[in-house]
Amino acid sequence: MPNNKSTEKRLRQNIKRRMHNRSIKSKVRTSVKSFEVAVAKNDKVTAETCYKEFVKLADTAAGKGIYHKNTIARKKSRLNSVLAGMN
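As numbered in this note's numbering, residues 2 to 88 make up the sequence shown, in order.
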C-alpha cells in the first residue's frame with residue numbers, strides 16, 4: 002500500500018487508466034472477432050463494415066497510446082489481406 006499522499010493519488014490514477022484502456026482494448030478485440038465471424042460466414046459486405054469499424058477503433062487506440070502504432074499497422078495489414086482474399 003502507498004505510504005504518502007502522492008503515491009495514493011498515483012495508484013488511483015493508474016487504476017482509472019487501466020480500466021479505461023481495458024475497455025478500449027476489449028472493443029478492439031470484439032471488432033476483430035465480429036470481422037472473423039463475418040469472414041467465416043463468407044459475408045463480404047458485413048466483413049467490410051466490420052473491418053472499417055475495426056480500423057477506426059484501432060487507429061483511435063493507437064493515437065491515444067493504448068497500442069503501439071506498428072502493432073495496429075500489423076493487425077490492419079493481416080485483416081486487410083484476409084478481406085482481399087475473400088470471393
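The C-beta atom is built at its ideal place from N, Cα and C for all residues, glycine as well.
Because the structure is a prediction, the values reported are computed rather than measured.
Beta-carbon within less than 7 Å of residue i's beta-carbon, same chain only, minus the 5 sequence neighbours each way: which residues are those?
| i | result |
| --- | --- |
| Val-83 | Val-40 |
| Gly-66 | none |
I'd like the list of long-range same chain contacts for residue i, defined as Cβ closer than 8 Å, with 5 residues on each side in sequence excluded.
| i | result |
| --- | --- |
| Leu-80 | Val-33, Phe-36, Tyr-52 and Phe-55 |
| Asn-88 | Asn-43 and Lys-45 |
Please list, in chain order, all residues of the same chain as residue i whose beta carbon is under 6 Å from its beta carbon, the five residues on each side excluded.
| i | result |
| --- | --- |
| Tyr-68 | Ala-62 |
| Lys-28 | Leu-58 |
| Asn-22 | Ile-67 |
Of the residues the options, which one's Cα is nearest the Cα of residue i?
| i | options | result |
| --- | --- | --- |
| Gly-86 | Ile-25, Asn-43, Thr-72 and Val-29 | Asn-43 |
| Ile-73 | Arg-19, Arg-30, Met-20 and Glu-49 | Arg-30 |
Helix, strand or coil for residue i per DSSP?
| i | result |
| --- | --- |
| Gly-64 | helix |
| Asn-71 | helix |
| Asn-15 | helix |
| Asn-20 | It should be pointed out that residue 20 corresponds to Met in this sequence rather than to Asn. Helix. |
| Lys-10 | helix |
| Lys-42 | coil |
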